[in-house]
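Okay, so here's the structure we're looking at.
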Amino acid sequence: MKNPWKEVTLDDYENHMALSNVYQLQTLDMIMGKQFSTYAVKSVAILGVAGGNGLGNLINIPTIENVYGVDINAGYLKTSEERYPQLTGRYRTLLADINEDCSNLPHVDLIVANLFIEYVGYANFTKAVRIIKPHYVSCVIQVDPEESFVSDSPYTAKLEVLDSVHNSIIPTDLISAMKKIGYTNTKDNSLSLPNGKIFLRLDFSLDKDS
Numbered sequence: 395m396k397n398p399w400k401e402v403t404l405d406d407y408e409n410h411m412a413l414s415n416v417y418q419l420q421t422l423d424m425i426m427g428k429q430f431s432t433y434a435v436k437s438v439a440i441l442g443v444a445g446g447n448g449l450g451n452l453i454n455i456p457t458i459e460n461v462y463g464v465d466i467n468a469g470y471l472k473t474s475e476e477r478y479p480q481l482t483g484r485y486r487t488l489l490a491d492i493n494e495d496c497s498n499l500p501h502v503d504l505i506v507a508n509l510f511i512e513y514v515g516y517a518n519f520t521k522a523v524r525i526i527k528p529h530y531v532s533c534v535i536q537v538d539p540e541e542s543f544v545s546d547s548p549y550t551a552k553l554e555v556l557d558s559v560h561n562s563i564i565p566t567d568l569i570s571a572m573k574k575i576g577y578t579n580t581k582d583n584s585l586s587l588p589n590g591k592i593f594l595r596l597d598f599s600l601d602k603d604s
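Everything in the sequence shown is counted per my numbering, starting at 395 for the first residue and increasing by one.
Next up, the structure:
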């Protein structure tokens, strides 16, 4: 079965995420600035980079020398490159479907994975982490009230195809799954969105004996 993320247009996705009653695109951009600046790292892999929202924060963090944008959609990756010519030489894209094969993922100091684990599940995500072997992992998951993962908007019908690959992520289960591969939860921070949904940032550090 073809992954629906290869079919959803970037315009539909980003226009939905940027609506004032959703406000997820803007919120994730702000969060990513903090994720990039929290740790003294030289390399980062952004899993599910899409069109590159948040990459602009890297322009002011020259100490991060190598940035990899990983996504399943080649069109998204091309757009992410075109949007930030200032990152030429530092930013590289990698086409990969982590649900199928993640053997070509690069080794980096930090993984950033926002609204990504929901579409690969615990097992595939932790498999990718084991291959990348970062010192730190910073991710954002969405905590929903009693409604669908995708907020209601004029674009909802076009995004409903993503339901077929969506997984509900429970924070305690994610923490347990990461602990099993040698990562300890070091940070949790929640942020409320206009429609009542909540973004929960969870950070992890590699245990010294792992």
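Just so you know, even glycine gets a beta-carbon here, dropped at the ideal spot from N, CA and C.
Predicted, not measured: the structure shown is a model, and the values here were computed from it.
A residue is called buried once 16 or more other Cβ atoms fall within 10 Å of its Cβ, and residue 410 is buried on that count. Nearest to residue 404 by alpha-carbon distance, out of 456, 414, 424 and 474, is 474.
Of all alpha-carbon atoms in 487, 533, 509 and 463, the one lying nearest the alpha-carbon of residue 583 is that of 533.
Excluding residues up to 5 positions away in sequence, 404, 407, 408, 465, 467, 470 and 474 lie with their Cβ nearer than 8 Å to the Cβ of residue 444 in the same chain. Taking a cut-off of 8 Å for Cβ pairs, the region 495–504 and the region 429–447 touch, as three or more such pairs fall below it. Here residue 593 carries a strand assignment [DSSP, helix/strand/coil].
Shown here, residue 484 sits in coil according to DSSP, grouped into three states, outside any helix or strand. A direct Cα-Cα distance of roughly 19 Å separates residue 530 from residue 512. Distance from the CA atom of residue 554 to the CA atom of residue 528, rounded to whole angstroms, is 33 Å. Of the candidates 551, 426, 598 and 603, the residue whose Cα lies closest to the Cα of residue 569 is 598. About 6 Å separates the beta carbon of residue 419 from that of residue 447, a gap short enough to meet the 8 Å contact definition. Sequence-distant partners of residue 487 (beyond 5 residues in either direction) whose C-beta falls short of 7 Å from its own C-beta, in its chain, are 463, 471, 474 and 475.
In the three-state reduction of the DSSP assignment, residue 462 falls in the strand class. Taking the CA atoms as reference points, residue 594 sits about 6 Å from residue 536. Per DSSP, reduced to three states, the secondary structure at residue 397 is coil, with no helix or strand assignment.
The beta carbon of residue 524 sits closer than 8 Å to the beta carbons of 575 from its chain, once the five residues preceding and following it are set aside; these are given in chain order.
Checking the DSSP bridge columns, you'll see residue 583 partnered with 595. As the crow flies, the alpha-carbon of residue 493 is around 24 Å from that of residue 538. A direct Cα-Cα distance of roughly 12 Å separates residue 415 from residue 421.
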